[in-house]
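Chemist: For reference, the structure I am asking about is given below.
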Amino acid sequence: MGSVERAMALKSELEASLLRLSILATLLIAALGVAFGLFSGSLAILFDGLFSLVDAFITWLMLVVARLVAQESDQKFQYGYWHLEPLVVALKASVLMTLVLFGFLGALQSLQAGGHTPDLGPAIGYAVVVVVICLATWLWMRRQNERLDSALIAVDMKAWAASGVITSALLIAFLAAAAMKDTQFEHLRPLVDPAILAVLSLAILPVPWKDAKLAFRDIFGIVPKALDGHVHQVMDEFIQRHGFSRYESYVTRTGRAKFIEISVLAPPGMPAQTLEHFDELRAEIGEAIGEGGPDRWLTIVFTTDPAEL
């Protein structure tokens with residue numbers, strides 16, 4: 014196994030370990046959420062538990078994808094399994110947006126019915142425990158992903174951050190509802206649980222929405238502007254420095270993989286050079302573009318035929 018394959022295998026192994034940890038922690042929160050939501054009668058806690066349950070299932074899919082991405086290409090998938098990453102991210106974002114929409118509509122229905130007051134003791138206890146779990150898991154995954162730079166882990170971190178924010182807001186709302194008892198605001202207590210669910214549903218919607226936009230950009234092959242601009246800058250300087258006529262470049266991104274194709278046109282009568290010379294030119298371009306490694310597919314062609322561009 015070469016150094017590139019070893020690096021991919023190690024990265025995938027670390028990704029898999031982090032995602033397994035995420036799945037276990039998410040399943041724990043899902044079980045607590047469903048149990049405490051039913052026990053306390055809190056729609057917001059029940060929503061939090063269902064949110065975590067869906068998240069655990071999609072994270073398991075991410076774990077499967079992380080293992081596939083680490084595998085070498087085969088006859089059927091000659092470019093590897095990079096294309097599965099944005100598909101899983103898009104699926105996760107779409108499912109979470111659907112769940113958020115149902116949560117929001119359920120909250121509105123409860124508000125129209127006058128709301129209800131959950132058992133605040135168990136509700137507050139649940140919120141405290143889950144906030145601690147979310148914060149600890151997010152901090153650990155952020156620290157590990159600083160060296161991994163994994164798109165899958167980054168998406169999962171966003172889910173943990175969203176869960177932490179949701180539960181923190183639940184905790185504040187439940188504490189406020191408890192403080193309203195035997196006060197002039199006691200008539201508002203039944204509205205707290207559905208109101209916070211409605212607000213939180215709208216608050217977390219941008220997170221899966223942003224992930225969905227990025228994922229579908231990859232799925233549809235939309236050119237990443239930053240990468241395209243960088244390649245053009247590198248090649249503009251290159252052809253001026255070496256006396257080539259012009260070039261055409263094509264870039265796309267699929268998950269963590271970047272595909273770059275460059276065709277360079279030599280002017281008529283340019284002296285013939287050795288293959289080693291063109292290898293040096295390719296290495297120069299690759300170094301200037303940067304981010305070399307198993308995630309970058311770089312193809313460079315030199316030609317004197319304009320029709321080949």
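Numbering of the sequence shown is given in this note's numbering, commencing with residue 14 and proceeding in unit increments. Built from N, CA and C at the ideal position, the CB exists for glycine as well. Note that this is a predicted model, so its numbers are computed, not measured.
(1) Please go through the same chain and pick out, in chain order, the residues whose beta-carbon is closer than 6 angstroms to the beta-carbon of V277, but skip the five residues on each side of it.
(2) Counting Cβ pairs, one atom from each stretch, are 3 or more of them under 8 angstroms apart for the stretch 224-239 and the stretch 94-112?
(3) Measure the CB-CB distance between G119 and P203 and report whether it falls below 9 angstroms.
(4) With DSSP as the reference, label Y139 as helix, strand or coil.
(5) Quickly, what does DSSP pair R266 with across the bridge? List them, please.
(6) Go ahead and pull the three-state DSSP assignment for E9.
(7) Enumerated in chain order, which unbroken segments of the alpha helix (DSSP H) with a length of 4 residues or greater are wholly contained in the stretch 102-177?
(8) Pick helix, strand or coil for T316, following the three-state DSSP scheme.
(9) Residue ranges of each alpha helix (DSSP H) run of no fewer than 4 residues wholly in the stretch 176-258, ordered along the chain?
(10) CA-CA distance, P319 and A279?
(11) Give me the Cβ distance between A301 and V220, rounded to the nearest whole Å; I'm assuming they're in contact under 8 angstroms.
(12) Assuming the contact rule is C-beta atoms closer than 8 angstroms, F272 and W222 should be a hit. Round their C-beta distance to whole Å, please.
(13) Excluding the 5 residues flanking M110 on each side, which residues of the same chain have their C-beta closer than 8 angstroms to its C-beta?
(14) Starting from the Cα of R80, find the closest Cα among K194, T265, G177, S163 and give me that residue.
(15) Helix or strand or just coil, what does DSSP make of L27?
(16) State the Cα-Cα distance for the pair L31 and G138, rounded to the nearest angstrom.
(17) Please list, in chain order, all residues of the same chain as A126 whose beta carbon is under 7 angstroms from its beta carbon, the five residues on each side excluded.
(18) Is it the case that the Cβ atoms of G177 and W151 are separated by a distance below 9 angstroms?
Modeler: On the basis of the coordinates in this document:
(1) Here residue 277 is taken as the residue at index 264 of the sequence shown, counted from 1. Excluding positions up to five away in sequence, the list reads F257, Y260, F315.
(2) yes
(3) In the sequence shown, residue 119 corresponds to position 106, counting from 1. In the sequence shown, residue 203 corresponds to position 190, counting from 1. Not in contact: G119 and P203 (Cβ atoms no closer than 9 angstroms).
(4) As a working mapping, residue 139 is identified with position 126 in the sequence shown. It is helical.
(5) Here residue 266 refers to the residue found at position 253 of the sequence shown. K271.
(6) With the chain represented from 14 up to 322, any question about residue 9 goes unanswered, as that position is not in the structure.
(7) 133-161
(8) Taking the sequence shown and counting its residues from 1, one reaches residue 316 at position 303. Strand, per DSSP.
(9) For the stretch 176-258, the continuous alpha helix (DSSP H) assignments of 4+ residues that do not extend past its boundaries occur at 202-217, 219-232, 238-255, in sequence order.
(10) Taking the first residue of the sequence shown as 1, we reach residue 319 at position 306. Taking the first residue of the sequence shown as 1, we reach residue 279 at position 266. P319 and A279 have their C-alpha atoms some 9 angstroms from each other.
(11) Here residue 301 refers to the residue found at position 288 of the sequence shown. Here residue 220 refers to the residue found at position 207 of the sequence shown. The Cβ separation is near 35 angstroms, so there is no contact.
(12) Indexing the sequence shown from 1 puts residue 272 at position 259. Indexing the sequence shown from 1 puts residue 222 at position 209. Actually they do not touch by this definition, with Cβ atoms about 26 angstroms apart.
(13) Reading the sequence shown from its first residue, position 97 is the one you call residue 110. Only L218, P221, W222, A225 meet the Cβ criterion.
(14) As a working mapping, residue 80 is identified with position 67 in the sequence shown. Nearest C-alpha to R80: S163.
(15) Translated into the one-based positions of the sequence shown, residue 27 becomes position 14. Here L27 sits in helix by DSSP.
(16) On the sequence shown, position 18 is the one that residue 31 refers to. On the sequence shown, position 125 is the one that residue 138 refers to. Looking at the two C-alpha atoms, the distance is approximately 27 angstroms.
(17) Working through the sequence shown from its first residue, we reach residue 126 at position 113. Cβ within range, chain order: n/a, list empty.
(18) As a working note, residue 177 is residue 164 in the sequence shown. As a working note, residue 151 is residue 138 in the sequence shown. It is a contact, given that the beta carbons lie within the stated cut-off.
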